[in-house]
Amino acid sequence: MTSISVKEQTWEELNGLKKAGNTMDDVIRKLLQFYRKKRG
Numbered sequence: 004m005t006s007i008s009v010k011e012q013t014w015e016e017l018n019g020l021k022k023a024g025n026t027m028d029d030v031i032r033k034l035l036q037f038y039r040k041k042r043g
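The number in my numbering is simply the position in the sequence shown, starting from 1, with 3 added.
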């Protein structure tokens, strides 16, 4: 496992994307999948 440092506001925004039963890892993976699709 790797730890990352983010600003408090960023953490709050990421936490807002989290659904019940999901981990922060799930949130970050979904963001990366979205980014890859948009990037083409």
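For each residue, glycine too, the CB sits at the ideal point set by N, CA and C.
Pop quiz: Leu17 and Met27 are said to be a contact at Cβ under 8 Å. What is the actual Cβ separation, rounded to whole angstroms? Along the sequence shown, one-based indexing puts residue 17 at 14. Along the sequence shown, one-based indexing puts residue 27 at 24. 7 Å between Cβ atoms; contact.
Assign Gly43 to one of three DSSP states: helix, strand, or coil. Start at 1 with the first residue of the sequence shown, and residue 43 comes out as number 40. Three-state DSSP puts Gly43 in coil, outside helix and strand.
Terminal residues of the alpha helix (DSSP H) in which Asn18 lies: Within the sequence shown, numbered from 1, the residue matching residue 18 stands at position 15. Looking at the DSSP string, the run of the alpha helix (DSSP H) that includes Asn18 is Glu11 to Leu20.
Would you check if the distance between the CB atom of Lys40 and the CB atom of Asp29 is smaller than 9 Å? Here residue 40 refers to the residue found at position 37 when the sequence shown is read from its first residue. Here residue 29 refers to the residue found at position 26 when the sequence shown is read from its first residue. It is not a contact, given that the beta carbons lie outside the stated cut-off.
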